[in-house]
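A.B. asks: Heads up, the sequence shown is in full-length UniProt numbering, so the first residue is 1 and it goes up one at a time.
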Amino acid sequence: MSRPQLYVFAKKPGMGAAKTRLARDIGTTHAQRVCRAMSAQVLRNVTDPRWGTSLYVAPASAIGTVPAWDGIPQRPQPTGSLSPRLAEVFSGAKRPVLVIGTDCPQISARDIADAIKALRKAPFVFGPASDGGFWLMGAVAPLKPSVFDGVRWSSENTLSDLEVRLNGSIAKLRTLTDVDDAEGLAAWKTER
């Protein structure tokens, strides 16, 4: 297996750019601080010489502006829903590819290593999220962009929709909780 590539999808912490549900629960300023902390924590946790790590950044103007992202290759995310963003990453894969976001700051290098190990036995791997989505998706070969068509993003059906669309066995990692609201934030604080 060639050296895997980990892509971290990240939004610049700022007014209305990320964590809108969390901001409704705890206030905009506090949500921005939490978002910055989560982004920095995820990158500290998962950057490892065993795999390449790159950031897919939104908006494009944020590239090179977040100190916690310094030293990590950055490229702009495609616009639109998660479908075109994932399609871009997975359709051109020439080696095993993993994608995570910064919604689960408890992701560790061990989780990434476990995902890579799982891809030696299965063509796909997911880290399920407790809300029906996923915190990690990985594949060993390129995927057709149409795999992502019709997926109900940000719903309890997200992971199950993808499982139906993928043709192959799927390995699963531990289930984690996204920090999208005050409840998720409280769960993260107890998991730390």
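Note that beta-carbon positions come from the ideal geometry of N, C-alpha and C, so glycine has one too.
It should be emphasised that the depicted structure is a prediction, and the values quoted were computed from it without experimental measurement.
1. Can you list, in chain order, the residues of its chain whose CB lies under 6 Å from that of Phe148, leaving out five sequence neighbours each side?
2. Please report the distance separating the alpha-carbon of Pro96 from that of Asn157.
3. Just reading off the beta strand (DSSP E) that Leu176 is part of, what are its end residues?
4. Quick one: complete alpha helix (DSSP H) runs, 4+ long, within the stretch 103-172?
5. What's the gap between the Cα of Trp135 and the Cα of Leu173?
6. Gln5 by DSSP, collapsed to three states: which one?
7. Comparing C-alpha positions only, which one of Thr79, Pro49, Arg50 and Met38 sits nearest to Trp69?
8. What is the DSSP secondary structure of Pro13, reduced to helix, strand or coil?
9. Just to confirm the assignment, what range does the alpha helix (DSSP H) spanning Pro84 have?
10. Please say whether Ala115 and Asp178 have beta carbons closer to each other than 8 Å?
11. Give the C-beta separation of Ser54 and Gln106 to the nearest angstrom, bearing in mind that I take them to be a contact with Cβ-Cβ under 8 Å.
C.D. replies: In terms of the structure at hand:
1. Ser83, Leu86 and Ala87
2. 25 Å
3. Element bounds for Leu176: n/a, residue is neither H nor E.
4. 109-118 and 158-165
5. 10 Å
6. strand
7. Met38
8. coil
9. Leu82 to Ser91
10. no
11. At roughly 21 Å, the Cβ-Cβ gap does not stay under 8 Å, so Ser54 and Gln106 are not in contact.
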